[in-house]
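Novice:
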Ligand SMILES: [Fe+2]
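Numbering (my numbering), first residue to last: 269 to 528.
(1) From the DSSP output, read off the bridge partner residues of residue 308.
(2) Quick one: Cα of residue 346 to Cα of residue 339, how far?
(3) Could you check whether the region 422-434 touches the region 452-466, counting it as contact only if at least three pairs of C-beta atoms, one from each stretch, sit closer than 8 Å?
(4) Helix, strand or coil: which one does DSSP assign to residue 387?
(5) What does the alpha-carbon distance come out to for the pair residue 324 and residue 275?
(6) According to DSSP, is residue 459 part of a helix, a strand, or is it coil?
(7) What separation, rounded to the nearest whole angstrom, lies between the Cα atoms of residue 440 and residue 312?
(8) Would you list, in sequence order, the uninterrupted alpha helix (DSSP H) runs of no fewer than 4 residues that lie entirely inside the region 446-499?
(9) Say yes only if the C-beta of residue 448 is nearer than 8 Å to one or more non-hydrogen atoms of ligand 1, and no if none qualify.
(10) Who are residue 375's beta bridge partners in DSSP?
(11) Does the region 481-489 come into contact with the region 297-305, if we say contact requires no fewer than three beta-carbon pairs (one atom in each stretch) closer than 8 Å?
(12) For residue 418 and residue 445, I'd like the C-alpha separation in whole angstroms.
(13) Cβ of residue 348 versus every heavy atom of ligand 1: is any distance shorter than 8 Å?
(14) List the endpoints of the continuous alpha helix (DSSP H) containing residue 323.
(15) Comparing C-alpha positions only, which one of 506, 360, 450 sits nearest to residue 319?
(16) How about residue 402: is its Cβ closer than 8 Å to a heavy atom in ligand 1?
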């Protein structure tokens, strides 16, 4: 598995505040079968704002500690970017991408995607970035109408779902929405969004449940193959579930209905 959404770098956002706890969490992830992890610290103008040099210094310090502790899990840089107008300036200036890929993890107001949401996404697409909407199932507007996730992926926005949402850790409504996204093929990634606030295990458990409720292939796509494609540079399809509708029966003409 590869976890594409975590807050494990200490003292940069609302995630970990202790390097040793971060190391313990990375070890727990490794023991869970996670081979690679993106350390996607919040980037939110006015709240969690930093230069790329500041991020890299903290990333490298954790990486050195992980190496010293003999961990084999691969650490990769990343950011969870709060979408605002003109955020493209910051994305370009600080290279706020996932590793060296064009993928960017984005978030917005959880109490409902703002009306100008797509207006803020479009310049990112035009500039060649590939946005992934973090924890889509937690947005009130998507809970009310899960097919918004499908509309977004039709407009080149990838969707990420939190493993904990599938387990019910954010409540019933979020869980229902998360499963609707998975069952309809409206999500591309399952990730932990781990903030180092408890045991790590959600990712493996969510994968097991998807294997049980959907199938092993879908679980592998969402937890390993598509996440690996970010670093590998392989294309990730926006649509990967194709529903074959049976052809509607042709209505017979009144002449045939009477004389057949
Ligand atoms: Fe997050």
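Just so you know, even glycine gets a beta-carbon here, dropped at the ideal spot from N, CA and C.
Just so we're clear, the structure is a prediction, and the values are computed from it rather than from any experiment.
Specialist: In this structure, then:
(1) Translated into the one-based positions of the chain shown, residue 308 becomes position 40. BP columns for residue 308 point to 346.
(2) Here residue 346 corresponds to residue number 78 of the chain shown, with the count starting at 1. Here residue 339 corresponds to residue number 71 of the chain shown, with the count starting at 1. Rounded to whole angstroms, residue 346 to residue 339 spans 19 Å at the Cα level.
(3) yes
(4) Start at 1 with the first residue of the chain shown, and residue 387 comes out as number 119. Here residue 387 sits in helix by DSSP.
(5) Position 56 of the chain shown holds residue 324. Position 7 of the chain shown holds residue 275. So the alpha carbons of these two residues sit roughly 14 Å apart.
(6) Mapped onto the chain shown, residue 459 falls at position 191. The answer is strand: DSSP assigns residue 459 an E or B state.
(7) Indexing the chain shown from 1 puts residue 440 at position 172. Indexing the chain shown from 1 puts residue 312 at position 44. So the alpha carbons of these two residues sit roughly 28 Å apart.
(8) 470-481, 484-488
(9) For the purposes of this step, residue 448 is identified with residue 180 of the chain shown, where counting begins at 1. Outside the cutoff, so no.
(10) Locating residue 375 in the chain shown gives position 107, counting from the first residue. For residue 375, the pairing in a beta bridge is given by DSSP as 350.
(11) No, they do not touch.
(12) By 1-based counting over the chain shown, the position of residue 418 is 150. By 1-based counting over the chain shown, the position of residue 445 is 177. Going by the C-alpha atoms only, they are around 13 Å apart.
(13) For the purposes of this step, residue 348 is taken as residue 80 along the chain shown, with counting starting at 1. True, at least one ligand heavy atom lies under 8 Å from that Cβ.
(14) The residue given as residue 323 occupies position 55 in the chain shown. Element bounds for residue 323: 320-336.
(15) Along the chain shown, one-based indexing puts residue 319 at 51. Considering only alpha carbons, the answer is 360.
(16) Residue 402 sits at position 134 when you count from the first residue of the chain shown. Flag set: Cβ of residue 402 near ligand 1.
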